[in-house]
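Enquirer: To start, I am sharing the structure in question, which I have written as structure tokens.
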DNA sequence: CGGGACGCTTCCACCAACCAGAAGGGCGGC
DNA sequence: GCCGCCCTTCTGGTTGGTGGAAGCGTCCCG
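Residue numbers (full-length UniProt numbering), protein chains in the order written: chain A, 1 to 273; chain B, 1 to 273.
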């Protein structure tokens, strides 16, 4: 059990972008939400792959369906890749389980409800229900954000492996507002508090008008697999009223996922291990 | 303009699974909704790639984040791939535009509302709102289905390129119920009718109790990019009442996408070309 | 308690698949 | 009409890829 992660011992790929696979993946890596459609030359330049090599590899990716080409010749992410991505246990399947309960929480509050997971040292938003009249948020489904600022991020970081925490604490903490935590010692205190209380509060740390309550969601192995957060306007925010709501919904989702801390762990096939 | 598709001329990859890229993609291809988590040996066998080669390539994919490993060593689709897939213009971005209008349609009917696109000769479901009391459907977001049976499939096939239509007509048409179209000539007539009327009806062709109304959604270049469908119980289904509803919603979505047939094509950045 | 089967990981020498420079052609902009 | 940008194709040298085999650890079953 606990197979050591393969090719840590300086195999090919460690020394830069030398292997075919790394080039292939580098080509895919240049697509972003801001630039979802790119020409061959752009991809070649951005990925640092010679033009003719990029041309050949992109041709193979397109033939398979990972990429598509528009009538103008530009490449974009193909539907096949979307289908494949929809199989990621921490993506769509997690969303499917959590969404009904998130909707209940939305009906009770009519505020923004967000579901996020941790990927390395970043937060990734898996689902989002944004109320029409609710405070606007900067997040996007499938998008990333700095982990030290958002409410969900604080929850996920507080329960992340030590090496991830040390990594975040050792890097510069980007400031979004004057309330954003930017000192490692402060962050360390906040994380301890999050672990102690079982939820996180983020008061105007991302935008000047948002107040977030976030709670951890547990999986089969009793580890934190996701975070549920509720984003309201910081004026008139009532933590005493919001915290139990978020905690309760997060617990319900954990139970559906089969978390050991909850009884009746029926039919939990998601996020095994 | 209209760059010819690359490497049609018998480049590497035509002769089988010989290139590194094709092997890499073959490894990804073995993941399905039914088998979202696989061991190294399983992947190696299913993909037809030697064990040690698979091991090395899977290691690279995991290092990049395309795959993840559970504590038991099994591989699964990673969040990075989900993030990348969420950039597919025909996936999440299309969903984002269509969802509000789909919800309006759901509120008006409380029936199943589905959004699908064509990938080759198959239908892929991009979004789905299933009413609690509505008739159950076999579809899954991110899942495929036979194009000749579903309502959305008939719409998409009716407006597909001739070679796709011929391909479907020449293959065996799988039967799901006794009402499923299984004769090429019948299908040909139905497709002509769908083009003429501008919508498709599917009466118990997938399940014994479902009746579907589907309408095309047009994109920037005035081609059909998706299909909107409403699935109701076949008993008491009122096409005269349902068809205008679906057509109207589909037209609204087309307008948001910037279809030329509709005025006020404001801010249409999706599905360009 | 011991044997065997299975699965993961690592190693290495051969070799062919890949790389990248250069040339060719089409389109649009100045 | 000229120039520049971008895409596409071709080719020989060489570097990264291949996969058989061996080494282990684990689990199952006798």
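For every residue, glycine included, the Cβ atom is placed at its ideal position computed from N, Cα and C.
At a Cβ cut of 7 Å, what residues of the stretch 21-34 of chain A count as close to chain B, listed as they run along the chain?
Expert: 21, 22, 24, 25, 28, 31 and 33
Enquirer: Could you check the C-alpha separation between residue 125(B) and residue 238(A) for me, to the nearest Å?
Expert: Walking along the second chain from the start, residue 125(B) turns up at place 125. Walking along the first chain from the start, residue 238(A) turns up at place 238. Spanning the two alpha carbons is a distance of roughly 40 Å.
Enquirer: Assuming residue 212(A) and residue 196(A) are in contact, meaning their beta carbons sit under 8 Å apart, how far apart are those beta carbons, in whole angstroms?
Expert: For this step, residue 212(A) is matched to residue 212 along the first chain. For this step, residue 196(A) is matched to residue 196 along the first chain. Incorrect: roughly 18 Å between the Cβ atoms, too far for contact.
Enquirer: When you compare the CB of residue 42(A) with every CB in chain B, is at least one pair closer than 7 Å?
Expert: Position 42 of the first chain, counted from the first residue, corresponds to residue 42(A). With 7 Å as the cut-off, residue 42(A) does not count as an interface residue toward chain B.
Enquirer: Where residue 39(B) and residue 73(B) are concerned, what is the direct C-alpha to C-alpha distance, given to the nearest angstrom?
Expert: Stepping through the second chain from its first residue, residue 39(B) is reached at position 39. Stepping through the second chain from its first residue, residue 73(B) is reached at position 73. If I take the Cα positions, the gap works out to 7 Å.
Enquirer: With a threshold of 7 Å on Cβ separation, who are the neighbours of residue 184(B) within its own chain once the five nearest residues in sequence on each side are excluded?
Expert: Here the question's residue 184(B) lines up with position 184 in the second chain. Excluding sequence positions up to five before and after residue 184(B), its CB lies within less than 7 Å of the CB of 169, all in the same chain and listed in chain order.
Enquirer: Mind listing the chain B neighbours of residue 83(A)? Cutoff is C-beta to C-beta under 7 Å, in chain order.
Expert: Along the first chain, one-based indexing puts residue 83(A) at 83. Those are 124 and 142, listed as they occur along chain B.
Enquirer: Below 8 Å on the Cβ atoms is my contact criterion, and I expect residue 155(B) with residue 227(B) to pass it. Report the Cβ-Cβ distance as a whole number of Å.
Expert: Within the second chain, the letter at position 155 stands for residue 155(B). Within the second chain, the letter at position 227 stands for residue 227(B). With a Cβ gap of about 4 Å, residue 155(B) and residue 227(B) count as contacting.
Enquirer: Given a threshold of 16 other Cβ atoms within 10 Å of its Cβ, counted over all protein chains shown, does residue 189(B) qualify as buried or as exposed?
Expert: What you label residue 189(B) is simply residue 189 of the second chain in a count that begins at 1. Residue 189(B) should be labelled exposed.
Enquirer: Can you check whether the C-beta of residue 90(A) is within less than 7 Å of a C-beta belonging to chain B?
Expert: As a position in the first chain, residue 90(A) is number 90, starting the count at 1. Judged by the 7 Å Cβ criterion, residue 90(A) is in contact with chain B.
Enquirer: Give every residue of the same chain whose Cβ lies closer than 8 Å to the Cβ of residue 246(B), excluding the five residues on either side of it in the sequence, and list them in chain order.
Expert: Here residue 246(B) is taken as the residue at index 246 of the second chain, counted from 1. Annotation for residue 246(B): 105, 199, 213, 214, 215, 228, 229 and 230 place their beta carbon closer than 8 Å to its own, counting only its chain and skipping 5 residues before and after.
Enquirer: Could you check whether residue 27(A) and residue 51(A) sit closer than 7 Å to each other, using their CB atoms as the reference points?
Expert: As a position in the first chain, residue 51(A) is number 51, starting the count at 1. As a position in the first chain, residue 27(A) is number 27, starting the count at 1. With a cutoff of 7 Å on beta-carbon distance, residue 51(A) and residue 27(A) are scored as not near each other.
Enquirer: If you draw a straight line from the C-alpha of residue 107(B) to the C-alpha of residue 100(B), how long is it?
Expert: Residue 107(B) sits at position 107 when you count from the first residue of the second chain. Residue 100(B) sits at position 100 when you count from the first residue of the second chain. Cα to Cα, residue 107(B) sits roughly 11 Å from residue 100(B).
Enquirer: Restricting to Cα atoms, I'd like to know which of 224(A), 150(A), 31(A) and 181(A) is closest to residue 83(B).
Expert: Within the second chain, numbered from 1, the residue matching residue 83(B) stands at position 83. Of the candidates 224(A), 150(A), 31(A) and 181(A), the one whose C-alpha sits nearest the C-alpha of residue 83(B) is 31(A).
Enquirer: Alpha carbon to alpha carbon, what distance is there between residue 62(B) and residue 34(B)?
Expert: As a first step, residue 34(B) is located in the second chain; it is residue number 34 there, counting from the start. As a first step, residue 62(B) is located in the second chain; it is residue number 62 there, counting from the start. Cα-Cα distance, rounded: 21 Å.
Enquirer: Is there a Cβ from chain A that is less than 7 Å from the Cβ of residue 156(B)?
Expert: Within the second chain, numbered from 1, the residue matching residue 156(B) stands at position 156. False, the Cβ-Cβ gap to chain A never drops below 7 Å.
Enquirer: My understanding is that residue 95(B) touches residue 127(B), with C-beta atoms under 8 Å, so please give their C-beta distance in whole angstroms.
Expert: On the second chain, position 95 is the one that residue 95(B) refers to. On the second chain, position 127 is the one that residue 127(B) refers to. Contact holds; Cβ gap of about 5 Å.
Enquirer: Taking the DSSP output, what are the residues bridged to residue 100(B)?
Expert: For the purposes of this step, residue 100(B) is taken as residue 100 along the second chain, with counting starting at 1. The partner list for residue 100(B) (beta bridge, DSSP) is empty, contrary to what the question assumes.
Enquirer: Comparing the C-beta of residue 100(A) with each C-beta of chain B, is any distance below 7 Å?
Expert: Counting from 1 along the first chain, the entry for residue 100(A) is found at position 100. So no, residue 100(A) is outside the interface.
Enquirer: Chain B partners of residue 153(A), CB-CB under 8 Å?
Expert: Within the first chain, numbered from 1, the residue matching residue 153(A) stands at position 153. Ordered by position in chain B, no residue passes the 8 Å Cβ test against residue 153(A), which lies about 15 Å from the chain.
Enquirer: If you follow the beta strand (DSSP E) that residue 221(A) is part of, which residue opens it and which one closes it?
Expert: The residue you call residue 221(A) lines up with position 221 of the first chain. Segment: none, residue 221(A) is in no beta strand (DSSP E) and carries neither H nor E.
Enquirer: I need the DSSP call for residue 75(A), collapsed to helix, strand or coil.
Expert: Walking along the first chain from the start, residue 75(A) turns up at place 75. Residue 75(A) falls in the strand class under three-state DSSP.
Enquirer: On the criterion of 16 or more Cβ atoms from any shown chain inside 10 Å, does residue 93(A) qualify as buried, or is it exposed?
Expert: Translated into the one-based positions of the first chain, residue 93(A) becomes position 93. Under this definition residue 93(A) is a buried residue.
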